[in-house]
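S.K.: Residue numbers (this note's numbering), protein chains in the order written: chain A, 11 to 764; chain B, 36 to 301. Glycine included, every Cβ here is placed at the ideal spot set by N, Cα and C. One structure, as structure tokens, below. Some questions next.
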Amino acid sequence: MDIINKTMKDIFSGTTWKQEINVSDFIQANYSPYLGNSSFLVDPTPRTIDLRGKLETLQKQERENGGVLEVDVHIPSTITSHAPGYIDQEQELIVGLQTDKPLKRAIKPRGGVRVVEKACESYGVELDPAVQESFSKHVTTHNDAVFGLYDTWSDFETPDGKKLRSKGVITGLPDNYARGRIIGDYRRVVLYGVDILIKDKHEYLDIHCKFPLTETMQLREEISWQIKALNDMKTMAQSYGFDISRPAENFREAVQWLYFAYLAAVKEQDGAAMSMGRIDAFLDVYAEQDIENDMLNESGVQEILDDFVIKLRLMKHLRMPAYNDIFAGDPTWVTLALGGMGNDKRTLVTKTTFRLLHSLYNLGPSPEPNLTILWSINLPQGFKDYVSKVAIDTSALQFENDDLMQDQGFGYDYGIACCVSAMQIGKQMQYFGARCNLAKLLLLALNEGRDELDGSPVIEGIKPLKNKEFLNYEEVETQFEILMNWICEKYVGTMNLIHYSHDRHYYEGAQMALHDCNVERLMAFGIAGFSVLVDSLSAIKYANVKAIRNKEGLTENFEITGDYPTYGSDDDTVDDIAIEVLQLFYKKLKQVPTYRNAKHTLSVLTITSNVMYGNKTGATPDGRNSGGAFAPGANPMHHRDKLGAIASLNSVSKLPYECCTDGISNTFSITPQGLGKNNLSRIQNLSALMDGYFDKDAHHLNVNVLNEETLREAMLKPEEYSNLTIRVSGYAVRFVSLSPKQQEEVLSRTFHKS
Amino acid sequence: MSLPIIQPTTSKPQKNCCGCGGCESGYVHSIESMGMVDGPGIRTVVFLSGCPLRCKYCHNIDVTVPKSGQSFTPEELVDKVKSNKTYFKSSGGGVTFSGGEPLYQACFLKKCLQRCQKENIHTAVDTSLFTAPKNLKKIIPYTDLFMVSIKQIDVEAHQKLTGVSNEVILKNLKTLAQEKQKIWIRYVLIPEMTNTPEYLKKLVNILKPISPEKIELLPYHQAGANKWKQIGLKNEFEEIRVPTKTEIKTVVEFFEAEKFKVLYNS
């Protein structure tokens, strides 16, 4: 039985998508792969140039105002909370803002009202006392619920009664901010209209959700929230004068419907990462349709997309300044996955893939949206070379291995949440789990379970090492494994109670409405301090490491005698340790049951928290000083990669993706001169570099092409470099928005030269 | 103080050895796994220790010290290179043996090249050609590309600039041409010292019959100056300026007018 109306059925080909909600089937049946080069792309129209000017003025005002332009302290944000807002109503082709004014940030106290209060305070405004009172007295926020559980559960406390979360071992937990990382299939609103989606939800419940038991009631409750969100979406669109109850009928409507769906999500939620998913081939169907029917020309299509991208660049959340320690530069992770291959050997690269990338020229470089190239060896050469050119010109792209992710079962219609987390769009969601500081865990193993910095007990019953002074590898390994067992239990447990609370008190109605009802849940754990741990273990194994202890017997420093192989030199003797650590940690995580039977996944990704985690971690046996920054993600430690970039890439590419399906992040900086003698050879070399790297089953690469001198200059004259974009760890930032400490850390990284 | 011209190694050469004593193992100063400017494509650049020249502008002076760095057998070394094969395949790259003067350890070099070829790895040798002709002949069968660094074309000026005569170099260059080897010429542009019209014309006359595939112009830079200090040497070239963009452009145009394909940083 067809679920869609007659007109849409006649316009587009295919069968399955007409009988069930199935966007990828629609794409496969209707899209046109593009195998050419970038020569068809057009310059911005006067209208785009004008809007870009207004965007830049707003952004400048925001910077000058200390990072936040305005806060609405009165109205808690919901899908329908705010009256329509515009940048310039006459000029805008795509409309919709999070509040009634551009860059006016909304409050979302359902995550936790204290956080909102503090955020307001730090930007010199006061949260409306009525909001404060109602959310502290009458509403259980996500934060209240989690702390209610922590407080009654001594399992999540240290022996001296402190919260385990305060000890810096598992950290960055989404217990006082929204978890994010969920990608709605925003395309569904475009293809089907909201009414069909609501109907589909009811039908599912009728068939699959019969007798009231805990599980069915929870599902019914959630789906009722989803249906409410869908109805609210219609109301919001109506306030802008659009009827999204029906499918979109042309390209401009398609982009507008898509944006409304996304806008609903970001009005309802302020998750750390609010990704866009994968829209290039999908939107291209509508664009080519309109071009064929002479309704639009190339310039018309580009103009609509540029306008859409302007909206994504305006997307902002209200955060506490402390948030900047873990996620620096005010990122929103509007991650947009581009390119890749379909299931029939045809590439999913379309002209619209090029057009979306082209916005970096028409609108200037920018960290958002977080443009992510799904790289396959089989991508058309014209596209490979174009994205290499864009990466060289803008340092705003990241690359992820499409072949590898497809092999790992993500299919060909997956998106990327945040930085490196793959998910089948509309079919999988994830419970985001921050990360465990493995370098700190190792120090707990060397200090009988005491915090190496202040001696406070973190875990009881850990026996002192027999060889306290000269570390013995076997003994340290055994001790470390005991600590791993302990932390995995605590880590999974903590995640379970956080996500139980989040589901109940800060549910993502709009985003989950754009998923199948029987969604697969992933629980995404993470690790930090990876290369510090690996090099520390290598030093203990292959060199002589002497622990220097203070009066209390805590490790203060380590003396290393002799050489040891370091991770990042393509040397199996140490790279094997890296692999074993990941396999072991993942195995131990999997032994602990998860909330709603979510599938355990793991990432090696730090965002910018590598600086903060390092700051909270004492000296380590690899010779790193107390408080020194970790390398980001899976990167080898700075300047220990002595054989140049490819040896370093080779070490990272050995890490087993099958136990890290939440992603393995690697960030790489090279000077333009190091990449080749002229523009053409730089482009060719970068494309070849990507092919060579991903051919070795590596997962991810952030590419920066710039000179250290440029960054030093930007530190001195930030106002002249306000648009200088760099990739840090799975996302991009404006360099000048990083703290001086984070800037120094970026500069201390290896810049590969010729 | 300046570094004395280094005599061939005094260790006992093995049978058939050129005198480098490196039939079984050789000295590698360092390896750069991602060389994008030392030959075609992405290349692993192996810097072999030791050099018989003492170029006054040497930017790798630390590499000229013989028997410095790490000792490798050809097998060990090629194993390291092999690991980068996916990059060679995607870029049309390979391995470049540089230095120092790679032919300073000719036997070791030959064995490494031989192994690379067996592994289907494209081989380039970045050399001054200051070596005994018999050494050069040893490696010709295993070398896909010769990157010949001509320091100076004038005999006297060469002596002054590098401490040695260029007679054997020019002879070896001819041999390469006769053997129909693929040649790229590398030429460092030093204001007043190598880029005068007189020298350039002379160079063109020599190169025409050689017909190199490319001429790579390398503007002199001061990046290597610190390395001199680090090993306790005085660099007489500290005061030498780098060529201006206009100067570089003039030379590029000069070679292009002579129908050479010119490669330079732009």
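Tell me whether THR166 (chain B) is buried or exposed, calling it buried when 16 or more other Cβ atoms sit within 10 Å of its Cβ.
M.R.: If you number the second sequence from 1, residue 166 (chain B) lands on position 131. The residue is buried, with at least 16 neighbouring Cβ atoms inside 10 Å.
S.K.: Could you name the residues of chain A that SER301 (chain B) contacts, counting a contact when the two beta carbons are closer than 8 Å?
M.R.: Stepping through the second sequence from its first residue, residue 301 (chain B) is reached at position 266. Simply LYS687, ASN688, ASN689.
S.K.: In the structure shown, what three-state DSSP assignment does MET228 (chain B) receive?
M.R.: The residue given as residue 228 (chain B) occupies position 193 in the second sequence. DSSP places MET228 (chain B) in coil when its eight states are reduced to three.
S.K.: Which first and last residues belong to the beta strand (DSSP E) in which TRP385 (chain A) is found?
M.R.: For the purposes of this step, residue 385 (chain A) is identified with residue 375 of the first sequence, where counting begins at 1. Unbroken beta strand (DSSP E) run through TRP385 (chain A): 380-385.
S.K.: Do three or more CB pairs link the stretch 61-77 of chain B to the stretch 255-271 of chain B at distances below 8 Å?
M.R.: No, they do not touch.
S.K.: Quick check on the burial criterion: 16 or more other C-beta atoms within 10 angstroms. Buried or exposed for SER46 (chain B)?
M.R.: Here residue 46 (chain B) refers to the residue found at position 11 when the second sequence is read from its first residue. The predicted position of SER46 (chain B) is uncertain, since its pLDDT is 46 and thus under 50; a value taken from the coordinates is nonetheless stated next. Burial call: exposed.
S.K.: Spatial neighbours of GLU202 (chain B) within its chain, please: C-beta separation below 8 Å, excluding the five flanking residues on both sides.
M.R.: As a working note, residue 202 (chain B) is residue 167 in the second sequence. The residues are VAL190.
S.K.: My output table needs one value for CYS446 (chain A): the three-state DSSP class, helix, strand or coil.
M.R.: Working through the first sequence from its first residue, we reach residue 446 (chain A) at position 436. Residue state, collapsed to three classes: strand.
S.K.: Beta-carbon of ILE175 (chain B) versus every beta-carbon of chain A: anything under 8 Å?
M.R.: Residue numbering aside, residue 175 (chain B) sits at position 140 when the second sequence is read from its first letter. Cβ-Cβ to chain A under 8 Å: no for ILE175 (chain B).
S.K.: Inspect the CB distances between the stretch 150-164 of chain A and the stretch 383-392 of chain A and report whether three or more fall short of 8 Å.
M.R.: Result no; under three Cβ-Cβ pairs closer than 8 Å.
S.K.: For chain A, find out if any of its Cβ atoms is closer than 8 Å to the Cβ of CYS52 (chain B); answer yes or no.
M.R.: Indexing the second sequence from 1 puts residue 52 (chain B) at position 17. No, no contact with chain A.
S.K.: Does DSSP put MET305 (chain A) in a helix, in a strand, or in coil?
M.R.: One-based indexing of the first sequence puts residue 305 (chain A) at position 295. In this structure, MET305 (chain A) counts as coil in the three-state DSSP scheme.
S.K.: Whose Cβ in chain A lies nearer than 7 Å to the Cβ of THR121 (chain B)?
M.R.: The count along the second sequence starts at 1 and reaches residue 121 (chain B) at position 86. Those within 7 Å of THR121 (chain B) in chain A are GLY702, ASP705, LYS706.
S.K.: Does DSSP put TRP219 (chain B) in a helix, a strand or coil?
M.R.: Counting from one through the second sequence, the residue named residue 219 (chain B) turns up at place 184. Strand at TRP219 (chain B).
S.K.: Quick one: give me the first and last residue of the alpha helix (DSSP H) that SER398 (chain A) is part of.
M.R.: Position 388 of the first sequence holds residue 398 (chain A). Note, SER398 (chain A): alpha helix (DSSP H), 391-404.
S.K.: For CYS446 (chain A) and GLY536 (chain A), what's the separation of their Cα atoms in angstroms?
M.R.: Numbered from 1 along the first sequence, position 436 holds the residue referred to as residue 446 (chain A). Numbered from 1 along the first sequence, position 526 holds the residue referred to as residue 536 (chain A). Cα-Cα distance, rounded: 6 Å.
S.K.: Between GLU282 (chain B) and chain A, is any beta-carbon pair separated by less than 8 Å?
M.R.: Your numbering for residue 282 (chain B) matches position 247 in the second sequence. So no, GLU282 (chain B) is outside the interface.
S.K.: Helix, strand or coil: how does DSSP classify PHE260 (chain B) here?
M.R.: Locating residue 260 (chain B) in the second sequence gives position 225, counting from the first residue. Reading the sequence as shown, one finds Ala at residue 260 (chain B) and not Phe. Correct three-state label for ALA260 (chain B): helix.
S.K.: Determine whether the beta carbon atoms of LYS652 (chain A) and SER541 (chain A) lie at a separation below 8 Å.
M.R.: Locating residue 652 (chain A) in the first sequence gives position 642, where the first residue counts as 1. Locating residue 541 (chain A) in the first sequence gives position 531, where the first residue counts as 1. Result no, Cβ atoms of LYS652 (chain A) and SER541 (chain A) do not sit closer than 8 Å.
S.K.: I think ALA406 (chain A) touches THR181 (chain A), with their Cβ atoms under 8 Å apart; what is that distance to the nearest whole Å?
M.R.: Within the first sequence, the letter at position 396 stands for residue 406 (chain A). Within the first sequence, the letter at position 171 stands for residue 181 (chain A). The pair is not a contact, with the Cβ atoms about 28 Å apart (cut-off 8 Å).
S.K.: Does VAL72 (chain B) get closer than 8 Å to chain A when you measure Cβ to Cβ?
M.R.: As a working mapping, residue 72 (chain B) is identified with position 37 in the second sequence. So yes, VAL72 (chain B) belongs to the interface.
S.K.: Sort A:MET415, A:GLU131, A:ALA588, A:ARG759 by Cα distance to ARG650 (chain A) and report the nearest one.
M.R.: Mapped onto the first sequence, residue 650 (chain A) falls at position 640. Selected option, being the one with the closest Cα: A:ARG759.
S.K.: How far does the alpha helix (DSSP H) with VAL265 (chain A) in it reach, from first residue to last?
M.R.: Your numbering for residue 265 (chain A) matches position 255 in the first sequence. Its alpha helix (DSSP H) spans residues 261-278.
S.K.: Any beta carbon of chain B sitting closer than 8 Å to that of GLY638 (chain A)?
M.R.: In the first sequence, the residue the question calls residue 638 (chain A) occupies position 628. For GLY638 (chain A), the answer is no, since every Cβ of chain B falls outside 8 Å of its Cβ.
S.K.: Here's a check: name, in chain order, each residue in its chain whose Cβ is nearer than 7 Å to the Cβ of SER747 (chain A), leaving out the five neighbours to either side.
M.R.: Along the first sequence, read from residue 1 onward, the residue named residue 747 (chain A) stands at position 737. GLY339, ASP340, listed in sequence order.
S.K.: Hey, could you find the ends of the beta strand (DSSP E) PRO254 (chain B) is sitting in?
M.R.: Translated into positions along the second sequence, residue 254 (chain B) becomes position 219. 249-254 is the span of the beta strand (DSSP E), which, as asked, contains PRO254 (chain B).
S.K.: Name the DSSP beta bridge partners of ASN714 (chain A), please?
M.R.: Counting from one through the first sequence, the residue named residue 714 (chain A) turns up at place 704. In DSSP, ASN714 (chain A) forms a bridge with A:SER679.
S.K.: What does a CB cutoff of less than 6 Å around ASN712 (chain A) pick up in its chain, not counting 5 residues either side in sequence?
M.R.: Along the first sequence, one-based indexing puts residue 712 (chain A) at 702. So the qualifying residues of the chain are GLN408, THR677, ARG737.
S.K.: For MET246 (chain A), report the span of its alpha helix (DSSP H) as first-last.
M.R.: Here residue 246 (chain A) refers to the residue found at position 236 of the first sequence. MET246 (chain A) -> alpha helix (DSSP H) spans 224-249.
S.K.: Assign ARG150 (chain B) to buried or exposed, taking buried as 16 or more other Cβ atoms, counted over all protein chains shown, within 10 Å of its Cβ.
M.R.: Residue numbering aside, residue 150 (chain B) sits at position 115 when the second sequence is read from its first letter. The residue in question, ARG150 (chain B), is buried, as its Cβ has 16 or more Cβ neighbours within 10 Å.
S.K.: Whose C-alpha, out of A:ILE570, A:CYS428, A:GLY63, A:LEU346, is nearest the C-alpha of TYR196 (chain A)?
M.R.: Against the first sequence, residue 196 (chain A) aligns to sequence position 186. Nearest C-alpha to TYR196 (chain A): A:LEU346.
S.K.: Beta carbon of GLY135 (chain B), beta carbon of THR99 (chain B): below 8 Å?
M.R.: By one-based count along the second sequence, residue 135 (chain B) stands at place 100. By one-based count along the second sequence, residue 99 (chain B) stands at place 64. In contact: GLY135 (chain B) and THR99 (chain B) (Cβ atoms closer than 8 Å).
S.K.: Under 8 Å Cβ-Cβ, which residues of chain B neighbour HIS327 (chain A)?
M.R.: Here the question's residue 327 (chain A) lines up with position 317 in the first sequence. By Cβ distance, chain B contributes nothing, its closest Cβ being about 38 Å from HIS327 (chain A), past 8 Å.
S.K.: Taking the alpha helix (DSSP H) that GLY77 (chain A) falls in, what are its first and last residues?
M.R.: Looking up residue 77 (chain A) in the first sequence gives position 67. Run containing GLY77 (chain A): none; DSSP gives neither H nor E here.
S.K.: With a 10 Å radius around its C-beta and 16 neighbouring C-beta atoms as the bar for buried, classify LYS206 (chain B) as buried or exposed.
M.R.: On the second sequence, residue 206 (chain B) is found 171 positions in, with the first residue counted as 1. Burial call: exposed.
S.K.: May I ask which residues mark the beginning and end of the alpha helix (DSSP H) holding HIS512 (chain A)?
M.R.: Residue mapping note: residue 512 (chain A) aligns to position 502 of the first sequence, counting from 1. 483-515 is the span of the alpha helix (DSSP H), which, as asked, contains HIS512 (chain A).
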